[in-house]
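Student:
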Amino acid sequence: MKRVLLVAAVLMTVSCGLEEVSRRPQNGAGEVWFGPGINVGKNDPEKKTVYVTAVEYPDGYDWRADVEKGSVKCSLVVYADDVPVMKVPAGDEYEVSPDPDMHRMSDGHLYTDYSTDSETVIKKDGKEIFRYSGREMICGLLTEGEDVYTLGHPRRGEGFTYRKNGDVIVERNGGRSFASLYRDGTSICFAFCEPILSQKDTLYRYYHVSDGNVSQTAVREDIRKVWDVISHEGEVCYLASVTGVSSPVLFRSGTMVALDMPQNSEMLACRLMAEDGHICVEGLYVRPGRSVTSGLWDEAGRSDLFDEGMTVSSICMNGDGVCCVLNGASSRLKGLIYRYGEVSDMPAGYASVGSDPAMVVDGIFHVGLSSLSGDRPMIWRDGRMTQLDINGFISTISVSGGQSSQDTVLD
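Position 405, counted from 1, in the sequence shown is what my numbering calls 405; the numbers after and before it change by one each time, with no gaps.
1. Of all the options Val353, Cys316, Thr293, Val361, which has the alpha carbon lying nearest to the alpha carbon of Arg329?
2. Cα separation between Met378 and Ser97?
3. Helix or strand or just coil, what does DSSP make of Asp147?
4. If you follow the beta strand (DSSP E) that Ser241 is part of, which residue opens it and which one closes it?
5. Mind checking who Ser398 pairs with in its DSSP beta bridge?
6. On the criterion of 16 or more Cβ atoms from any shown chain inside 10 Å, does Tyr340 qualify as buried, or is it exposed?
7. Mapping DSSP to helix, strand and coil, what is Asn27?
8. Run through the region 337-392 for me and flag every whole alpha helix (DSSP H) of 4 or more residues, listed as ranges in chain order.
9. To the nearest angstrom, report how far apart Gly145 and Asn165 are at their CA atoms.
10. Spatial neighbours of Ser413 within its chain, please: C-beta separation below 7 angstroms, excluding the five flanking residues on both sides.
11. Starting from Pro195, trace the beta strand (DSSP E) both ways and give me its first and last residue.
12. Could you give the DSSP three-state label for Pro100: helix, strand or coil?
13. I think Lys48 touches Val399, with their Cβ atoms under 8 angstroms apart; what is that distance to the nearest whole Å?
14. Run the CB neighbour count on Leu410, radius 10 Å, all protein chains shown included, and call it buried at 16 or more, exposed below.
15. Under 7 angstroms between the Cβ atoms of Gly301 and Val242?
16. Could you have a look at Tyr206 and say whether DSSP puts it in helix, strand or coil?
17. What residue range does the beta strand (DSSP E) around Glu275 cover?
18. Starting from the C-beta of Asp125, find all residues in its chain whose C-beta is less than 6 angstroms away, skip the five residues before and the five after it, and write them out in chain order.
19. Tell me the DSSP secondary structure of Glu93 in three-state form.
20. Pull up the distance between the alpha-carbon of Val236 and that of Phe34, whole angstroms please.
21. With DSSP collapsed to three states, give me the class of Trp63.
22. So, helix, strand or coil for Val409, using DSSP?
23. With 16 as the cutoff for other CB atoms within 10 Å, does Ile138 come out buried or exposed?
24. Around the C-beta of Asp59, are 16 or more other C-beta atoms found within 10 angstroms, so that it is buried, or is it exposed?
25. Can you tell me where the beta strand (DSSP E) with Val219 in it begins and where it stops?
26. For Trp297, write down the residues that DSSP places opposite it in a beta bridge.
27. When burial is assigned at 16 or more other CB atoms within 10 Å of the CB, is Ala218 buried or exposed?
28. Mind checking whether Ser246 and Leu259 have CB atoms under 7 angstroms apart?
29. Run through the region 118-188 for me and flag every whole alpha helix (DSSP H) of 4 or more residues, listed as ranges in chain order.
30. Take Met385 and list the residues in its own chain whose beta-carbon comes closer than 6 angstroms to its own, dropping the five residues that flank it on each side.
31. Mind reading off the beta-carbon distance from Ser344 to Gly383? Whole number of angstroms is fine, and I expect it under 8 angstroms.
32. Roughly how many whole angstroms lie between the Cα atoms of Gly418 and Ala191?
33. CB Thr396 to CB Asp356, shorter than 7 angstroms?
34. Can you pull the DSSP bridge partners for Gly321?
Here it is, written out as structure tokens:
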């Protein structure tokens, strides 16, 4: 408890200093504040640094209703090992969005995407690095040195575009990607489906992309729908509905494993995750007359089905298994924190906001929890709580350096 109170006191002291330090323009970055610890861990690749991003609003403003969205004064705040190191103003005038799905950390830097009336703008630490024509929703972003790779969907219409520094590598005007850009070893990968018109119906073909090279996959004639495609350790795996089987089937290494689902249930959405040779399925399913519910399945067919109305908000996987955060379908249902098969109640009055505020670091599950009643957000670390002294919510938790590649968050 003394440690938690001490950290909270330090955060309050440094956070107050954010307003006292003179701000300086950064060549189009707006009034970006950089703290003295901004370079923590960047010069030492062996040092592991935990980054937390939060969206801060003026005291008294109801960020949940957000009636002044786009014009209210707010900021993206970056914490490194619990110390605030950067504060980037957000809002339409800065071309930076406070939306939790429109910013992320990579290698100790904050990357944001924003759509104007006709363009997409990508910024790094509040400073524009490139923009291009077209309004895209960025569903995946990876960095490699100074290069930035993005996977975007048009905000209206179908198709997708995979880019490097804004330049097109792979593009389709129809179909969709599976909305996940990830690394398999040293390769950058994603998958997509493309419609093929026939005399009777619209058929779909499925493709996997590795470092820009496109190859067709899931070509079996009995496949009715492919839910997701990934590669892991160089092997392409996919999850599909097939003729004669009531639940989705995982295809890997020439084997087929049908997911064990409750009787009369229907899968609504599902995706694949992989780490250290293991594959897991996260899915949303529903039974007649009941609420939508989340479940987890492994490659052996074992399942972990959550209580009715509980849905996964954020999930991560490492060599020890899966950890995730679940929100209830209503305020009456207290959220859950799931850690390698063990379930803990989320503190009353809190929820997980966005899809990335969770990460396992050195065996400790870090979860960003935001208040449903307007109180300060909290970081939950295996049951211990640390408060951030801001009015707003925690949007992402990530790790850089050390063995961070083993603690994988899935977009």
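Built from N, CA and C at the ideal position, the CB exists for glycine as well. Computed from a predicted model, the values in this text were never measured in an experiment.
Tutor: According to the data block:
1. Per the sequence presented here, residue 329 reads as Ala, with Arg not at that position. Among Val353, Cys316, Thr293, Val361, the Cα nearest to that of Ala329 is on Thr293.
2. 22 angstroms
3. strand
4. 235-242
5. Tyr51
6. exposed
7. In this prediction, Asn27 scores a pLDDT of 40, lower than 50, which makes its location untrustworthy; the coordinate-derived value is nonetheless stated afterwards. If DSSP states are grouped into helix, strand and coil, Asn27 belongs with coil.
8. none
9. 12 angstroms
10. With the chain running from 1 to 411 in the structure shown, residue 413 is simply not present.
11. 187-197
12. helix
13. 6 angstroms
14. Bear in mind that the predicted position of Leu410 carries a pLDDT of just 43, short of 50, making it too unreliable to give a figure here.
15. no
16. strand
17. 266-275
18. His109, Leu110
19. helix
20. 42 angstroms
21. coil
22. Because Val409 carries a pLDDT of 42, less than 50, the predicted location of this residue cannot be relied on, and no value is offered for it.
23. buried
24. exposed
25. Element bounds for Val219: n/a, residue is neither H nor E.
26. Val281, Ser303
27. buried
28. no
29. none
30. Met378
31. 7 angstroms
32. Since the first and last residues shown for the chain are 1 and 411, residue 418 lies out of range.
33. yes
34. Asn318
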